[in-house]
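In mature numbering (1 follows the signal peptide of the UniProt record, and there is no 0), the protein residues as written are -26 to -1, 1 to 179.
Cβ atoms here follow ideal geometry from the backbone N, Cα and C, with glycine treated the same way.
None of these values were measured; they are calculated from a predicted model.
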């Protein structure tokens, strides 16, 4: 079996590629990893992973590339860095998913979410809140400024953090709550779940 040794300096890079963050701690001077070419048999079909996605052997233990294996098994893979949790789920149907709150809250706002699925995975997510006059929070500069002065939180950045987190973890329930934007975080996760449960919009919707 052909293999090659990777110097310690390259180990972190290899781990990032293989989605095995956290396997090697800071005190690993002199540690060597071996990238070895493995063959896989999935339901009777022989599969060979690309060279850059091969497993890594560290200290005699083999670490499989989770994302690569997920693609081979046609699964959706997510990763929550804060909780060190890997999510494995079925592929979704491609399309646009939408959901909105039923009623305006006591402040006159309700949330809306739009999720785009490409190749079975969440590829994009948008979240905003709208008032009864049809004005979105993201476009209400006076509201955003007042919110920031009172809470010291950039609401637009909070929305962006939530959206990017969903793309990364692939599961609304694993999205971390953004400090200072608990209400938006809860609404986002609730509506994202509703949208994915309802399924993609039909053409023309």
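Taking C-alpha positions only, residue 141 is separated from residue 20 by approximately 30 Å. By the criterion of at least three beta-carbon pairs nearer than 8 Å, the region 141 to 157 is not in contact with the region 67 to 77.
In the DSSP assignment, residue 49 is bridged to 64. Between the C-alpha atoms of residue 111 and residue 88 there is a straight-line separation of about 16 Å. Residue 144 and residue 53 have their C-alpha atoms some 8 Å from each other. At a Cβ-Cβ threshold of 8 Å, residue 41 and residue 65 do not count as neighbours.
Under a 10 Å Cβ-count criterion, residue 135 is classified as buried, with 16 or more other Cβ atoms of the shown protein chains found around its own Cβ. Residue environment for residue 173: exposed (fewer than 16 other C-beta atoms within 10 angstroms of its C-beta). Counting of Cβ neighbours within 10 angstroms places residue 131 among the exposed residues, the total staying below 16. Taking 8 Å as the cut-off, the beta carbon of residue 83 is found closer than this to the beta carbon of residue 103.
Residue 135 carries a helical assignment under DSSP once its states are collapsed to helix, strand and coil.
A straight line joining the alpha-carbon of residue 175 with that of residue 10 spans about 44 Å.
For residue 167 and residue 147, the gap between their C-alpha atoms comes out near 8 Å. Around the C-beta of residue 24, fewer than 16 other C-beta atoms lie within 10 Å, and the residue is accordingly described as exposed. Judged by DSSP secondary structure, residue 35 falls within the beta strand (DSSP E) whose first and last residues are 35 to 37.
Inter-residue distance for residue 155 and residue 37 is about 37 Å (C-alpha atoms, whole angstroms).
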